[in-house]
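> I'd like to ask you about the structure that follows.
Below you can see the structure in the form of structure tokens.
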């Protein structure tokens, strides 16, 4: 008979090797190059920027750290309209992206059938054409006296938007509406893809179960589908709002001097006016504001595990 | 039975597995308590237990996928404790198979041969695929096969290397019931054919009993009992084994007297007889003993006919609480003063129409079928739903 | 009444298709205007049909040079980011180590920061170090912001991989190196490929970070930006259209091939 007894715990028998310790240093070796890259070219620059923002001096004579915090105050008091505009435009574009993107994501996830792959390709395909070229195309679409503007004018939509301050006269180009339209267009795929991912995970039988339990289609959507797609909504809005706030391309190409966003200011301070401390301070404020808003938003939406 | 070997003489063959004082702890949790175990060469050995009992950890320590905290693993005379898995002459059939999804069936089966530097693998692989009846599927990818076919690929992939020991980790857990029964016979056939030592981990007691020569029942990181399936079923030494393998009824009794090879016990008002050889508990007079009896050993007679019961049988009175007809037999639950919920299985040969819920009955059985256990343990150990034992469905999910 | 019902039932489909049209309209315009023959310097209003630009795509000075530079940078950035990112992803999924939280946030932050902030702070670093702005500073910046996206893509794939596959390989006599080459890498390949594709697209199309850190070097997006100020040649639309068509064709071909292979095997 095979035997079984309990033995006292044994130390490894003499002659056998101690327990193998496979790859104790492996993780650190794997992490090292990539993390160094991020530390040197991402984290360190942020510190440099913080230091630049409290320097004084001039290009010719050089800069020195003088803890000149007044730069922040000056920058804010001079450029607060651009800050407010950035947040407003980005928020509007985010809401529009959600309103436009949700039906398309829903369509791909539940109603597209055999067209699903084709529609997915069409959503991603614009990425393959340089986004600057595509943004320039909006200049043609929204051209003064063009068919789009003509139709909006005929339908008296322009009267309403002009009254709201979104457009000016019978123009759409060079107005806030054009900028928001461009932002929405540019970041729409970043809303659709996470929405689709979270919608696609929903078991279609949940819809049937909700219908079976006396929920009308609209109630099913409110009580089942939408809550379950919340992770997609949260990551989609973040992926839209964050880059939209810092964007300056749409404001530059489709807007006017009255639609300048904070990105435009940072860009021109850095690359044209060469006032580095002001530019660094603006950039630092933008970073802090976004991190603050994102943290608050993630806490509120209760999806902390998302990141 | 090939298992009647002594530990001291089993050390030469090369196909026997010897675990000496082996244990595994994770932080403060002990998965396997120090354990000595010998699996004789050529046997079909099963490690049976609920999930988390340490059976898979034990298996993985034999495979080399888990380092023992202490103790040694020997294959025959060779100490393999410090060998990594890819240097051990042992192969594993993994739970849910772990077939390489990017390789076809042929390459999956040839994998081990190629890694050992064997160039011409075609003939061997073809033969092995024939053995498991998958010659036609050689160029398919794993996901194109059914569950049963995948299972056979996993066996072929391991067996082609002629391991000294084949380890099977819940190999049939993902199959449906009918296929599982079929594969049990198939695996048994293959084992008899190739004569390799099989160590099989399962939570399904029926599977272990059908296939294995020797079964080790594990619970809480220890082996509760080890023996042949019939031995474990007929002579359980703990309530855990009695409940985990099949169903048992227990009566708490007091030792009245001991005469020769018989122990006489008092339970309620009556007396019960227990063969002294079938008790693992001390039988000093006045001491407590748990009396166990399997439901199918018991006969059920209506109280009106109590006089017809032969002398010398253990008997208990009660009232039928519930009955369910399941075709070959009828299962009764009987309330009795000494034990509520007494289970009785009666073959449907001549059905007594009076045996309905509420009827007064006498339960009686041959004293030889009675076993005695130490009273100082939980009656519920090893039952479905008690701590540490999950149902089979949970484990599969 | 039936029309109203029909509309109600298909409301989602109609709204979705309208959004799709909104997404694709600029591409249609880009394509149509690649056949334009504009009067002035700007290609914003339709004049007459012409294939001149298609016959001479490199006819504008600097355009094709910028395109080739962008392709080179994208290739090197993809290579660098994929290599470093894959290593990080494996470390994160497969090993336990200290400061895991800090590592995770260092990888997450670049994705949660507006490009203009990263661009500006990197420029202050380069200015402080006195680095010569150009090819190398662009490449460094691109690898930096592509890295996190590669980590996310590869991590998702490696995480969904059954650890038993590698154990099975070890059980079947494959040593650590063989296991990695024969099993781990082939199974992780789709994730790595996805990360690499993403990195290529991000790098090739990047404007903001490049604009800050390029000095006088001109990549393709910067050429387009510059031409938006000075005058847009039709050739830009030709390149844009060609890129779109090639990409869609590639995707369609790979899908058809994949489908046929699946059908053959089944």
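Residue numbers (full-length UniProt numbering), protein chains in the order written: chain A, 1 to 307; chain B, 1 to 397; chain C, 1 to 266. The C-beta atom is built at its ideal place from N, Cα and C for all residues, glycine as well. Being a predicted model, the structure only gives us computed values, none of them experimental.
Could you check how far apart the C-beta atoms of residue 101(C) and residue 103(A) are, in whole angstroms? I think they sit under 8 Å.
With 8 Å as the limit, residue 101(C) and residue 103(A) do not qualify as a contact, their Cβ atoms being about 38 Å apart.
> In chain order, what residues of the same chain lie with their CB nearer than 7 Å to the CB of residue 67(C), ignoring the 5 residues before and after it?
Cβ within range, chain order: 220 and 239.
> How about residue 175(C): is its C-beta nearer than 8 Å to some C-beta of chain B?
Answer yes: the Cβ-Cβ gap between residue 175(C) and chain B drops below 8 Å somewhere.
> For residue 196(A), count neighbouring Cβ atoms within 10 angstroms of its own Cβ and tell me buried if that reaches 16, exposed if not.
That one is buried.
> How would you write the range of the alpha helix (DSSP H) that residue 191(C) sits in, first residue to last?
Residues 185 to 205.
> Taking all protein chains shown into account, do 16 or more other C-beta atoms lie within 10 angstroms of the C-beta of residue 206(C), making it buried, or fewer, making it exposed?
Classification of residue 206(C): buried, given that the 10 Å Cβ count is 16 or more.
> So residue 191(C) packs on residue 154(C), CB below 8 Å; how close in whole Å?
The Cβ separation is near 5 Å, so the contact holds.
> Assuming residue 294(A) contacts residue 86(A) under a Cβ cut-off of 8 Å, what Cβ separation, rounded to an integer in Å, is found between them?
Wrong, their Cβ atoms sit about 15 Å apart, outside the cutoff.
> Considering residue 135(A), what are the terminal residues of the alpha helix (DSSP H) in which it resides?
Run containing residue 135(A): 131 to 141, per the alpha helix (DSSP H) assignment.
> For the stretch 3 to 17 of chain C and the stretch 255 to 268 of chain B, state whether three or more C-beta atom pairs, one from each stretch, are separated by less than 8 Å.
Because the criterion of three Cβ pairs below 8 Å is not met, the stretch 3 to 17 of chain C and the stretch 255 to 268 of chain B do not touch.
> Please confirm whether residue 209(C) and residue 119(C) have their CB atoms less than 8 Å apart.
Yes, Cβ-Cβ distance for residue 209(C) and residue 119(C) is below 8 Å.
> For residue 125(C), return the contacting residues in chain B, with the cut-off set at a CB-CB distance below 9 Å.
Near residue 125(C) there are no residues of chain B at all, since even the closest Cβ is about 43 Å away, more than 9 Å.
> Using a Cβ-Cβ cut-off of 8 Å, state whether residue 187(C) counts as contacting chain B.
It does; some Cβ of chain B falls within 8 Å.
> Is the Cβ-Cβ distance between residue 198(C) and residue 149(C) less than 8 Å?
Yes, the pair counts as a contact, with Cβ atoms nearer than the cut-off.
> Which residue marks the beginning of the beta strand (DSSP E) containing residue 271(B), and which one marks its end?
Residues 270 to 275.
> Sort 48(A), 117(A), 25(A) and 77(A) by Cα distance to residue 259(C) and report the nearest one.
Comparing Cα-Cα distances from residue 259(C) to each of 48(A), 117(A), 25(A) and 77(A), the minimum goes to 117(A).
> Please classify residue 20(C): is it buried, with 16 or more other beta-carbons within 10 angstroms of its beta-carbon, or exposed?
Buried is the call here.
> Identify every run of the alpha helix (DSSP H) within the stretch 25 to 107 of chain A, keeping only runs that are complete inside it and at least 4 residues long; order them along the chain.
The stretch 25 to 107 of chain A contains these whole alpha helix (DSSP H) runs: 26 to 38, 44 to 53 and 70 to 106.
> So, using beta-carbon positions, are residue 320(A) and residue 88(C) closer together than 8 Å?
Absent from the model: residue 320(A). The displayed extent of chain A is 1 to 307, so no value can be given.
> From the DSSP output, read off the bridge partner residues of residue 218(B).
For residue 218(B), which the question treats as bridged, DSSP gives the partners 223(B).
> Could you name the residues that DSSP lists as bridge partners for residue 44(B)?
Its beta-bridge partners are 198(B).
> Exposed or buried, what is residue 252(A) when buried is set at 16 or more other beta-carbons lying within 10 Å of its beta-carbon?
By the neighbour-count rule (16 or more Cβ atoms within 10 Å), residue 252(A) is buried.
> In chain C, which residues lie with their C-beta within 7 Å of the C-beta of residue 436(B)?
A query on residue 436(B) cannot be resolved here, the shown segment of chain B reaching from 1 to 397 and no further.
> Checking contacts by CB at 8 Å: is residue 205(C) closer than that to chain B?
No - not a single Cβ of chain B is within 8 Å of the one on residue 205(C).
> If you draw a straight line from the C-alpha of residue 193(B) to the C-alpha of residue 159(B), how long is it?
If you take the alpha carbons of residue 193(B) and residue 159(B), they lie about 12 Å apart.
> At a CB-CB cut-off below 9 Å, which residues of chain C make contact with residue 142(B)?
Result: empty, since nearest Cβ-Cβ is about 11 Å, beyond 9 Å.
> Report all residues from its chain with a CB closer than 7 Å to the CB of residue 219(A); omit the five preceding and five following residues, and keep chain order.
There are no such residues.
> Helix, strand or coil for residue 438(B), going by three-state DSSP, please let me know.
Look at the range of chain B in this structure, 1 to 397, and you will see that residue 438(B) is not part of it.
> In terms of residues, what are the limits of the alpha helix (DSSP H) holding residue 143(C)?
Residue 143(C) -> alpha helix (DSSP H) spans 135 to 159.
> Measuring only between beta-carbons, confirm whether residue 255(C) sits less than 8 Å from chain A.
Yes, residue 255(C) counts as interfacial toward chain A.
> What in chain A is Cβ-close to residue 115(C), meaning under 7 Å?
Under the 7 Å cutoff, chain A gives 243 and 246.
> Take residue 320(B) as the anchor and find which of 196(B), 296(B), 72(B) and 362(B) has the nearest alpha-carbon.
With distances taken between Cα atoms, residue 320(B) lies closest to 362(B).
> Measure the CB-CB distance between residue 85(B) and residue 63(B) and report whether it falls below 8 Å.
Yes; because the gap between Cβ atoms is below 8 Å, this pair is in contact.
> Between residue 364(B) and chain C, is there a C-beta pair that is closer than 8 Å?
No, residue 364(B) does not count as interfacial toward chain C.
> Throw me the rounded Cβ distance for the residue 203(B) and residue 44(B) pair, which I believe falls under 8 Å.
Incorrect: roughly 17 Å between the Cβ atoms, too far for contact.
> Okay, do the stretch 275 to 291 of chain B and the stretch 305 to 313 of chain B touch, 3+ Cβ pairs below 8 Å being the bar?
Taking 8 Å as the limit for Cβ pairs, the verdict is that the stretch 305 to 313 of chain B does not touch the stretch 275 to 291 of chain B.
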